[in-house]
Amino acid sequence: MSPPIDLEEVVNSEIKEWHFHIYFHQHNAEEHHAALELRDAVLRLRRDGAFVAAPLFRVNTDPIGPHPVGSYEIWVPSTSFASVFSYLCQHRGELSILVHPLTREEVGSPDHEIRRAWLGPSYPLDLSRLPVLAEEIPLQYSSLKLGYSAPEPDFTLEDRRRIGANVERILRNEKEAARAPAN
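In terms of numbering that gives the first Met the number 0, the sequence shown opens at residue 0 and continues consecutively.
Put into structure tokens, the structure is as follows:
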């Protein structure tokens, strides 16, 4: 199956919220401490405006759900994804981090299995602990009006077409840049 290329279809299916699960061996005091230090750093940086990220209040000191070791979750809207991903890439130390999108599809081919990514070594997940399909996309922190709760998209389809055409025009003079197909 070919990937979709219809602009409206692609924009309407865009993932708008993500989870980062920071893993630590719950009986390893050094890892547990490092995980909590990273959490506090994320909270401070959120407060100071570096990005929007909402660690869940709870830190799981035992396996929970599909997660086989101690962990905590950080919710991130797509507008802050690159900033949070960059920060965690650089400052996770020896901790492993599961990154997955939030959609209606928890298991099967989707979020925790096919669409996931890892920073650091991966862990086996118990996917039997997750529902196959949720009725709705699970909304978190809707009071922020970000992600799936945002009132309007950042750019209209026309804005995106204009930006795309401008990028193509600029990159025409760059030898290393691939050209978009004509049709």
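Idealized CB from N, CA, C, for every residue including glycine.
Per DSSP, the unbroken beta strand (DSSP E) holding V75 starts and ends at 69-76. A contact between stretches requires three or more CB pairs, one per stretch, nearer than 8 Å, and the region 10-20 meets this requirement with the region 68-76. Here V41 is not near A28, since their CB atoms are 9 Å or more apart. Rounded to the nearest whole angstrom, the CA to CA distance from R161 to S121 is 40 Å.
Counting only the Cα atoms, V10 lies some 18 Å from K144.
If the five residues before and after R115 are omitted, its C-beta is found closer than 7 Å to the C-beta atoms of L97, V98, H99, all from its own chain and listed in chain order. The DSSP-derived three-state label of N11 is helix.
Taking C-beta atoms as the reference points, F23 and S70 count as a pair closer than 9 Å.
When the five nearest sequence neighbours on each side are left out, the beta carbons in the same chain lying within less than 7 Å of the beta carbon of C88 are those of L118, in order along the chain. For P123 against P67, the beta-carbon gap comes to about 6 Å, under 8 Å, which counts as contact. In the structure shown, V98 falls within a strand segment according to DSSP collapsed to helix, strand and coil.
In chain order, S77, G146, Y147 place their CB closer than 6 Å to the CB of K15, counting only its own chain and leaving out the 5 sequence neighbours on each side. For A34 and G48, the gap between their C-alpha atoms comes out near 21 Å.
Between F84 and the set F154, R103, F50, R57, the nearest pair of CA atoms involves F50. Relative to the Cα of A164, the nearest Cα in the group K174, A181, S79, S12 belongs to A181.
When the five nearest sequence neighbours on each side are left out, the beta carbons in the same chain lying within less than 6 Å of the beta carbon of V58 are those of Y71, in order along the chain.
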